[in-house]
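Quick note on our numbering: the sequence shown kicks off at 4 and runs consecutively. Cβ coordinates follow ideal geometry from the N, Cα and C atoms, glycine included. Here's the structure we're looking at; comments come further down.
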Amino acid sequence: MPTDKTITGRPERMAFHAWILFFSLILLSPFGIFYLLNINGRYIPEIGIILLLIFLIKKRTLANILYTAAKTRTFIYPLAILLALFLIGCVFHGDLISAYSDLRVHVIFLLVFSLYYHANGDFLRKIEGVLLATSFVTLSLYLIFLLIVGNPSSSVKYTYPAAAYLSLMLLAAKKNNLVILTASIILCIACAITSFYRGQWLLAALAILISLSFFTNKKSAKSMLKYSFWLTLAIVPIVIFFDSISSLVFSYFNQSESAYIHSIGKFNGLINTIKYGELQAGDDIRFSYYQYMAEHFFALMVPAGLGYDAQILNIHSVFAPTLSGGNTLDSFYLFSLVHYGFFSLPLLAALTLGFTSMLKRQGAKVTIGLLTWLAVYASLSAAFVTELYFAFFTAAITGLALNKAFSRNPYL
C-alpha cells in the first residue's frame, strides 16, 4: 500500500482530504440519498461513482491507491466468489437488476475494506483522518436533515449509519483531543436518541464505552482529571435546563404516540424481556430467524445468491423451505447463510483468524469490545452489504480494526 511518499506537499494533502470527503458526502449523506442522486424516488449512486472515477483519472495518486487496494488478495479472491454469487442470484431469482444492486455494494465494501486493511505508515494516518471527518460530518448532516427537512419515511424511526458511531468514537479517542472526543460523544447521543431504534441506542452506547476505554488506557491521572472537567462542563447546561428539557420531551411524547411506543414503550418491553423472557412484537420474527437457520442449516448451504431485494417476505434458498414473513436484511447472520450459503464458512473462518490475531496485538479489552460491537451490529442488520451509505463505514472500521499496523500507530 502507499507509503509516506505517496501524497506529498500540503496543497496535495488538502486536496486529497477535501475531494475524498466531498465525494463521500455526495454518496453517503441524506442530501445525496434523497435529493442529489435520487431519480424518481430511487437512489442512483452510480452518478457519484462516475464523477469520482473521472476525478481519479485526473488525480493519478488516488487512482493508484485504489488500484493497489484492488490488487490485494482480500479483494480479488472474494470478488471471484461474489461474481459466482451474482450469477447464481440471476438464475435463482431471475432478477438481474436486484442482483446487480447487491453486487455493486459488495464490491465497494471489499474495496474500502482492502484499502483500510492494508494501509500503513503515514498513509494510514491520513485515511484515518478522512474517516474521522467523514463520520462526524455525515452524522451531523443526518441529524440536520432530520431537524430541518424531517424524516422521509412515514415512521418515527430514523436510521443513521451505525458504523459511523464506532468509526467516529474510536478515532476521536485515538486523536487524544478532548474537544473532538466530547463533541463526538454528544453527537452520537443526539443521533441515537432521535433514531428511536433500540439497536441504535445500544450500538451508540457500546461505541462510547469502547472509545472511553480506549482513551483512558493511554491517559495519566492528570489528563483524566482534565478530561473529566471538560466533560462535566459540557453536561452542566443539561443539568441547569433539565426541567425545561424534560417538559419539551414529555410534550413531544404527548403529541406523538408512535414516538412514545418506540422509546419508552420499547425500553419497558426490553426490561420485561430480560426479567420474564417475554418477546415483544417484532422480536418473535427475529427469534424465528435463528430457529430457521438451526433447523435448515445444511439445506441453506446451497446459496440463493445475490439479489431479489434481500429476500423480503420470502426467505428461502435452493433446498431450504420458505420462511414467510421477515427479511434477510434483519440479520447479517441470516443474510450470509441464505445468500452466501457454504461461501459464508470461509468468511467466518477469515474473521475468526483476524480477530484472534488482533487479540495478540490489541489486548483483550479492545478486541472484545470491537468484536462485541460488530457482532451486535451483524445480529441487527445486513443493510451494510446492500446499502452503499452503510457499507462504507462498516467496511472502513472493520478493515481498520483488523489492520496489523493499527496498533503500531504512533498516537495509539
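Beta-carbon proximity check, residue i vs residue j, cutoff 9 Å
i, j, result
"residue 112", "residue 398", "yes"
"residue 336", "residue 293", "yes"
"residue 206", "residue 169", "yes"
"residue 140", "residue 33", "no"
"residue 403", "residue 108", "no"
"residue 376", "residue 210", "yes"
"residue 311", "residue 98", "yes"
"residue 116", "residue 148", "no"
"residue 307", "residue 91", "yes"
"residue 409", "residue 127", "yes"
"residue 212", "residue 372", "yes"
Proximity to residue i [Cα-Cα], best of the options
i, options, result
"residue 389", "94, 72, 102", "102"
"residue 187", "402, 382, 175", "175"
"residue 48", "153, 394, 370, 403", "394"
"residue 384", "372, 69, 313, 53", "313"
"residue 68", "94, 45, 123", "123"
"residue 214", "202, 183, 91", "183"
"residue 400", "135, 344, 319, 178", "135"
"residue 192", "177, 81, 172, 408", "172"
"residue 71", "43, 204, 120", "120"
"residue 387", "338, 129, 80", "338"
"residue 197", "212, 83, 162, 208", "162"
"residue 382", "202, 178, 154, 349", "202"
"residue 80", "349, 370, 356", "349"
"residue 96", "374, 298, 315", "315"
For residue j and residue i, the rounded distance between their alpha carbons
i, j, result
"residue 89", "residue 160", "32 Å"
"residue 303", "residue 76", "27 Å"
"residue 31", "residue 364", "32 Å"
"residue 332", "residue 94", "21 Å"
"residue 38", "residue 156", "14 Å"
"residue 106", "residue 309", "7 Å"
"residue 216", "residue 351", "27 Å"
"residue 407", "residue 43", "44 Å"
"residue 53", "residue 129", "24 Å"
"residue 28", "residue 56", "15 Å"
"residue 330", "residue 150", "29 Å"
"residue 177", "residue 287", "40 Å"
"residue 334", "residue 185", "32 Å"
"residue 413", "residue 100", "Residue confidence for residue 413 is low, a pLDDT of 47 falling below 50, so the modelled location carries little weight; the figure read from the coordinates is stated next. For residue 413 and residue 100, the distance between alpha carbons rounds to 45 Å."
"residue 104", "residue 179", "39 Å"
"residue 298", "residue 378", "22 Å"
"residue 416", "residue 374", "Beyond the ends of the chain as shown, which are 4 and 415, falls residue 416; an answer cannot be given."
"residue 317", "residue 125", "48 Å"
Residue i Cβ short of 8 Å to the ligand ATP heavy atom set
i, result
"residue 125", "The model depicted lacks the ligand ATP and carries no ligand whatsoever."
Sequence-distant residues of its chain with Cβ nearer than 6 Å to residue i (five each side left out)
i, result
"residue 321", "305"
"residue 3", "In the structure as shown, the chain begins at 4 and stops at 415. Residue 3 is therefore absent and cannot be evaluated."
"residue 131", "174"
"residue 200", "160"
"residue 87", "none"
"residue 118", "72"
"residue 319", "325"
"residue 204", "195"
"residue 291", "none"
"residue 345", "304"
"residue 154", "161"
Close beta carbons around residue i, own chain, < 8 Å, minus the five adjacent residues each side
i, result
"residue 340", "296, 300, 303, 347"
"residue 85", "106, 109, 110, 113, 309"
"residue 208", "195"
7 Å CB neighbourhood of residue i in its chain, flanking five on each side removed
i, result
"residue 46", "36, 40"
"residue 396", "138, 164, 166, 167, 170"
"residue 25", "none"
"residue 143", "190"
"residue 405", "120, 357, 361"
"residue 369", "217"
"residue 8", "Low per-residue confidence applies at residue 8: pLDDT is 42, beneath 50, and the placement is therefore not dependable enough to give any value."
So, do the region 313-328 and the region 357-366 have three or more beta carbon pairs nearer to each other than 8 Å?
no
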